[in-house]
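Everything on this sheet refers to the single structure shown next.
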Amino acid sequence: MGRTHVSCTINGHEAEFLADAGDSLLNALRDEVSLTGVKEGCGTGDCGACSVLLDDRVTCACLIFAPEAEGTMIMTVEGLADAEHLHPLQQTFLEGSALQCGICTPGFLMAAKALLDKNPNPTETEVRYALAGNLCRCTGYDKIIRSVLDAAAQMNADQMNGASS
Amino acid sequence: MVTVKFSASLRERTGESDLTVDAGDAPSVRRLIKLLDERFPGVGEQLSEGHSVAINGEIIADPLYEDIPDGAEVHFIPAIAGG
Amino acid sequence: MDYLAPTSVDEAVGALAADPEARVFAGATDLIPQIRAGRPEPGLLIDLKRIDRCTAVTANDAGWVVGAATPTSRLTEDPAFSGALPGLSEAAGLIGSDQIQNRSSLGGNLCNASPAADSVPAMVANDVRAVVAGSSGTRTVPVGDIATGPGKTSLADDEFIVEFEIDRPPANTGDAYLRMTPRTEMDIAVVGAGARVTLDADGNCESARIALGAVAPTVVRVADAEAVLTGQPINDDTLAAVAAAASAACNPIDDKRGTIEYRKQVAGVLAKRAVKIAAERAGGATTGGTH
Amino acid sequence: MTEDPTTNTGFKWVGTRPIRPDGLDKVTGKARFGADLVLPNMIEAAIARSPHAHARIVSIDTTAAESMPGVQAVITGADFPDLKEAGAKQPDVFQAAKVMARDKVLFEGHPVAAVAAATRQEAQRAVAAIVVEYEVLPHVLTAGAAMADGAPLLHDDLITANVDPAPEASSNVASRALQQRGDLDAGFAAADVVIERNYTTKPVHQGYIEPHAAVADAGQDGRAHLWCSSQGHFDMRSSTANVLAMEPSLINVTPAEIGGGFGGKTTIYLEPIAVLLSRKAGRPVRVVMDRDEVFQATGPTSGSEMRVKIGVTNDGDITAADVFMAFEAGAFPGSPVGAAAMTALACYDIDNFFVEGFDVVVNKPKVAAYRAPGAPIIAFAVEGLIDELARAIDMDPIDLRLKNAAVEGVQAPYGPTHPRIGFVETLEAIRDSDHYRTPVAANQGRGVACGFWFNIGGNSVATVNVHEDGNVSVITGSPDIGGSRASMALFAAEEFGIDVERINPQIADTQTIGHTDVTGGSRVTLATGKVVVEACRELTADMCRRAAKMWDCEVEDVEWVNGHAQHASGTETPLSMAAIAAKAGRTGGPISTTYTENVRGAGAGFSTQLVDVEVDEETGQTKIVRYTTAQDAGKAIHPSYVEGQMQGGVVQGIGWALNEEYIHREDGTLDNPSFLDYRIPVASDLPMIETIVVEVPNPNHPYGVRGVGEVGIVPPMGAIANAIDRATGCRLHDLPMSPVRLLSAINDKNA
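Protein chains in written order, with the working numbering: chain A, 598 to 762; chain B, 12 to 94; chain C, 67 to 357; chain D, 299 to 1049.
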């Protein structure tokens, strides 16, 4: 059984890897591309730890066959910050103590980014439902929700400042 | 004097809930256990394994060589772990 | 296992017909966990998402044609679709988390043939039709006729659903879908209830379609409840009759997610509530959805 | 810097909320958890597990598996040392049998063989090719059934402990726990109201998001290196060595970042298997569990059957309590029933009680510690019954608890006299909270409940190094499962008087730092925190001595102020740590110390919690509308992570209360080994969890710390049961209080 050659864009850079047809994108990202920031909590789409953006939409990498990634644009937690600056979500997660063990954090960050890209000014309830696909067992979600709301407020303020300057 | 208090499960072996001993006979937990084992044969092994002591209310996890001050109250209690 | 991403319906039909171990998929959100849980691996995975027709959403005067592999988030985020068919949109939006929503599809939800599939009662209530392609051509089938039992469909081995035809609802019509799950999200329906109600000029029910999920091997149309409503006002009495008819129509099982008694009782509760919401929507009144 | 913790609040760093030192790695995906390590030449493993709850292994045929593509090593129980034959103690024999079955399988998921192959897929295929012939035996799944006459026996050599005289025959009852005081009959006779209830709870899993993972690299010299995510790598080392009959120090365990533990990662599962496969294959081996393996074969905490009877006078004096508990241990002894017996009544001052508990083996996975092990289970019963009593005598449930509350000087039910504790303060904090003072909405119910947990101290070591730039490394052996690096950095910053950013906390492997007990029992901030503080104090004293040398003055003339050695006369320019470090070679060598202690004097933790619920009486669904938790932290070192522990414990308790449970089929297999059907709470199920951090300092700790990790999970089940009762008039005595169960109770009430 031959392996499939997959070309795609990962975190802004062209990437190629080989995968068996039945491999998940999660395994391909972790094992073939060394992006171990993408975590496996369940492998069945029930915990969200492997959340990545696939063509700007949040998905569970464990529920995608690796060959499906051909020609797509993928963003993982490793692509969220640039060389100098953290993404505002990363910063508010740090400042707001939104993580304890940190295993779910990459998935939450990607799901939260997808939410704010779509809805820059979400209510608490909207954040809770948008992040319902991400399980956290440590925090009780409280500080995660607050950090996402803080990031939204900050990004909106930055945008206003940017627009007025 | 040192007052020794037994947990309920130990009480079934010792037949009494507490007793007092001369401080000079039990200057340490080890010596106290030895004393108790002489009085209640076999109880020493039970106390050496899987038991903590509380001396004057302070729980000590691995107490065998712990000194016992005169006038102390010593409780033998099951060892405590946690999550 | 091999992977194929055909770009036309014909190519997909050919590949499916040529390999008895081939299997089509859309979002794979059910398929991958099933393989992981020990189901036999298909010899060939046929990805329908690169076929334009399978992922297109087109609106016309008659209604919508929705590609069977279209991610359900496309529907829930489409204001025109969600405005016209809020119940169906909400049902589609309950298939898993946002992550799942970007992959799950009406076609997958239907063909996985889970009795608990959220979108199916809402599709049945809205009389949605599936366009099925196969070696012997295409045919159009009511959605309610696709699943024949848990994990089983009426599709031939070389057939798959290309798209759904969804009629624009007539005037004074509303739909709703409610489900019961222990958690608010990330859960499988213990009971689901879809309803569509059309009101007449007096505000009485002109016609109704009510369908229940997770209470029988396949989705259950509740003809008795529909009959109770026809020509009648929507009030506590008729709603109680709807609930009783819905409970009576159930043929559920005891399993880890619920008991027979629970499912029967709550099917009546949700049917009643769904009819009420649908009627309010039909009358132009707006109410909250499931969240 | 040695102020009395009970009075001093003027800290510069302790009590602040800086960004945690390991935070950056964890928000950028760099942090390496158990499954993230890749070694050169590494291969992957998979485990063959029993499909039966109870069976004798007739034969295992691995020949087909051994010849499959990619396969490099296959092991079964026969490859492990026979500890029983070697005369090992029974707990060690049981631990080895848990890791890999020898003669019998005792639960579904029990490992029977393992394969290492080039890829995980190849290992899994080879596992499927292993042929195991089983003789299926009758199984038993609950404590009550396992205690019954004629129940299938799991072990033929299990003699009930703590029963005098010891029984002669083997049974499923591993041990008995007992707490007793006073005269029960007289106590009940003095009561005006006596209520007795039966309770049941199901096993629930810790539910950490990171599955267990281990990488082992065994050498031809008999040594091995192990990387794994655990709550205590020294325990992983000693347990692994025990199972493999190795000298512990021949194994070096490097702690990976740990993706949640809650007690469940204090024990071994994969580690000896990985070492043995690596030894056999001659290559590094990685083994990672799937989620279903985590549910089937690790954790959970006990299911239980309990009976509680409590008497109270009309004016609210609790006069007597009679408690019976049978806890499922899983396949091997070791349920937390002993701790449950000790904690059952620990919130209260009761003169007459009899508390008896049994540790019972059943054909389920061996239980592991879970946050305040044992206490939440019995608290569900006791706190629920106290609420029923409060209603029976028409007394406010907080007033009833205040009237009987344990305070300093009261003898705890488990023996010692309580020192200064903060239970009453948590009750008062809830009573005075905005939440309690806000009326309950018409369609809602409000519940209150309390919890106790001992907290523990234990063995910790800290090495502290001052670098040439005056910055500091703080090295400990305590895995950080919830932000403890931040607390260690804050202690050091406070002690040295330098910015917290200048402290670099590290967690070292088992060859690099001295033995440190597990991160568990809420002990790290207390015990490891204490040794860090003491090590820092040694170094500030040392740097004062060095400054005296540099200034050619008496050491008595030097004091440590704000990160500097300062001369009493004021004539010398204060010396920074960098300045002292720059001359370290001339003043005695590198500035470094190691401090070690078996820390005691843990302060007990108490929590009081308040919840408002809304119940859909037509579906039985409970919604948590508002939740407030008050907990005595002693002193909150990093308040955000204290709040986080409180909130996390509460939400685990909410899951336990409403939906979480192990559901077994008749054949003894687990019906819900997934996050889909084992329903831990999701964000949309919850409100914000309001926290009130009470600070009644622990006089035995330099900063007053008590420990905060565990007690928060003790009250929620009782609190929610009480709230549901007040919302619906339905009192549930069984967990979980799922929609199915609650609707059935509502139907009974309406019938």
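Virtual Cβ for every residue (Gly too), placed ideally from N, Cα, C. Bear in mind the structure is a predicted one, so any value in this text is a computation, not a measurement.
Residue i (DSSP reduced to helix, strand or coil)
i	result
His357 (chain C)	Note on His357 (chain C): pLDDT 38, under 50, position unreliable in the model; no value is reported.
Tyr976 (chain D)	coil
Ile724 (chain D)	Before going on, a small fix: residue 724 (chain D) reads as Thr here, not Ile. In this structure, Thr724 (chain D) counts as helix in the three-state DSSP scheme.
Asp815 (chain D)	coil
Phe17 (chain B)	coil
Tyr432 (chain D)	strand
Lys921 (chain D)	strand
Asp914 (chain D)	strand
Cys657 (chain A)	strand
Pro89 (chain B)	strand
Ile247 (chain D)	A question about residue 247 (chain D) goes unanswered here, because the residues of chain D that appear run from 299 up to 1049.
Ser604 (chain A)	strand
His1031 (chain D)	coil
Asp321 (chain C)	strand
Ala710 (chain D)	coil
Phe1049 (chain D)	The residue you asked about is not Phe; residue 1049 (chain D) is Ala in the sequence shown. The answer is coil: DSSP assigns Ala1049 (chain D) none of H, G, I, E or B.
Lys342 (chain C)	helix
Asn753 (chain A)	helix
Val1038 (chain D)	helix
Phe309 (chain D)	coil
8 Å contact criterion, which residue i and residue j should meet: CB distance rounded
i	j	result
Glu231 (chain C)	Gly133 (chain C)	Between Gly133 (chain C) and Glu231 (chain C) the Cβ distance is about 11 Å, and since that is not below 8 Å, they are no contact.
Thr899 (chain D)	Glu84 (chain B)	First, the amino acid is wrong: residue 899 (chain D) is Gly here, not Thr. No, Gly899 (chain D) and Glu84 (chain B) are not in contact; Cβ-Cβ is about 16 Å, not under 8 Å.
Gly781 (chain D)	Arg318 (chain D)	5 Å
Ala1050 (chain D)	Leu575 (chain D)	What the structure shows of chain D is the stretch from 299 to 1049, and residue 1050 (chain D) is not part of that stretch, so it cannot be assessed.
Val585 (chain D)	Ala512 (chain D)	6 Å
Pro671 (chain D)	Gly93 (chain B)	7 Å
Arg262 (chain C)	Arg275 (chain C)	5 Å
Arg844 (chain D)	Gly886 (chain D)	6 Å
Proximity test, residue i beta-carbon vs the ligand ADP heavy atom, cut-off 7 Å
i	result
Leu746 (chain A)	Ligands in the displayed structure: none, and consequently the ligand ADP is not present.
Chain E contact for residue i (CB, 8 Å cutoff)
i	result
Glu895 (chain D)	No chain E appears in the structure shown, which is made up of the protein chains A, B, C and D.
Sufficient close CB pairs (3 or more, under 8 Å) joining the stretch 932-940 of chain D to the stretch 1000-1011 of chain D: Short answer: they touch.
Proximal residues, the stretch 998-1013 of chain D versus chain B, C-beta separation under 9 Å: Within the stretch 998-1013 of chain D, contact with chain B at the beta-carbon level (separation under 9 Å) is assigned to Asn998, Gly1005, Gly1007, Glu1008, Ile1011.
Contiguous alpha helix (DSSP H) assignments of at least 4 residues, all confined to the stretch 680-743 of chain A: Restricting attention to alpha helix (DSSP H) runs no shorter than 4 residues, the stretch 680-743 of chain A encloses them at 685-692, 702-715, 721-727, ordered along the chain.
Segments of 3+ residues assigned as beta strand (DSSP E) that fall wholly inside the stretch 137-208 of chain C: With a minimum length of 3 residues, the continuous beta strand (DSSP E) runs that stay inside the stretch 137-208 of chain C are 195-200, 203-208.
Any 3 or more C-beta pairs closer than 8 Å across the stretch 477-492 of chain D and the stretch 601-609 of chain D: The stretch 477-492 of chain D, when compared against the stretch 601-609 of chain D, does touch it at the 8 Å Cβ threshold.
Secondary structure, beta strand (DSSP E): runs of 3+ residues fully inside the stretch 333-370 of chain D: Within the stretch 333-370 of chain D, the complete beta strand (DSSP E) runs of at least 3 residues fall at 341-347, 353-359.
Interface positions of the stretch 958-989 of chain D facing chain A (Cβ-Cβ less than 7 Å), listed along the chain: Cβ contacts with chain A: Ser972, Phe973, Leu974, Ile978, Val980, Ala981, Ser982, Leu984, Met986, Ile987.
Contact residues within the stretch 932-946 of chain D, judged by C-beta distance below 7 Å to chain A: From the stretch 932-946 of chain D, only Ser938, Tyr939, Gly942, Gln945, Gly946 have a Cβ closer than 7 Å to chain A.
Chain-ordered residues of the stretch 504-536 of chain D with a beta carbon less than 8 Å from chain A: Result list: Gln504, Gly505, Tyr506, Ile507, Glu508, Pro509.
Contact residues within the stretch 325-336 of chain D, judged by C-beta distance below 8 Å to chain A: Those residues of the stretch 325-336 of chain D that come within reach of chain A (Cβ to Cβ, closer than 8 Å) are Val325, Thr326, Gly327, Lys328, Ala329, Arg330, Phe331, Ala333, Asp334, Val336.
Chain C contacts from the stretch 352-374 of chain D (Cβ-Cβ distance under 7 Å): Taking a C-beta cut-off of 7 Å against chain C, none of the residues of the stretch 352-374 of chain D qualify.
Beta strand (DSSP E) runs wholly inside the stretch 401-483 of chain D, at least 3 long, in chain order: Runs found: 409-415, 429-434, 471-479.
Interface positions of the stretch 692-714 of chain A facing chain D (Cβ-Cβ less than 7 Å), listed along the chain: Taking 7 Å as the upper bound on Cβ-Cβ separation, chain D lies near residues Glu692, Ser694, Leu696, Gln697, Cys698, Gly699, Ile700, Cys701, Thr702, Pro703, Leu706 of the stretch 692-714 of chain A.
Positions along the stretch 661-674 of chain D whose CB lies within less than 9 Å of some CB in chain B: From the stretch 661-674 of chain D, only Ala666, Ala667, Tyr668, Arg669, Ala670, Pro671 have a Cβ closer than 9 Å to chain B.
Segments assigned alpha helix (DSSP H), at least 4 residues, entirely inside the stretch 821-854 of chain D: Entirely contained in the stretch 821-854 of chain D, the alpha helix (DSSP H) runs reaching 4 residues are, in chain order, 827-849.
Ranges of the beta strand (DSSP E) found wholly within the stretch 572-614 of chain D, counting only runs of at least 3: You should have 583-586, 602-610.
Segments of 4+ residues assigned as alpha helix (DSSP H) that fall wholly inside the stretch 274-317 of chain C: Fully enclosed alpha helix (DSSP H) runs of 4 or longer: 289-295, 302-315.
Residues in the stretch 62-79 of chain B having any Cβ partner in chain D nearer than 7 Å: Contact residues of the stretch 62-79 of chain B toward chain D are Ala65, Gly68, Glu69, Ile70, Ile71, Ala72, Asp73 (C-beta to C-beta distance below 7 Å).
Segment contact, 8 Å Cβ cut-off, at least three pairs: the stretch 941-954 of chain D with the stretch 1008-1027 of chain D: Output reads yes: the stretch 1008-1027 of chain D touches the stretch 941-954 of chain D.
Contact between the stretch 719-738 of chain A and the stretch 406-422 of chain D (3+ Cβ pairs under 8 Å): The stretch 719-738 of chain A is not in contact with the stretch 406-422 of chain D.
Interface positions of the stretch 558-570 of chain D facing chain B (Cβ-Cβ less than 7 Å), listed along the chain: Look at the stretch 558-570 of chain D: the residues with a C-beta under 7 Å from a C-beta of chain B are Phe560, Gly561.
Members of the stretch 129-153 of chain C that neighbour chain A once the beta carbon cut-off is set at 9 Å: For the stretch 129-153 of chain C, which is checked against every Cβ of chain A, the residues closer than 9 Å are Pro137, Ser139, Glu143.
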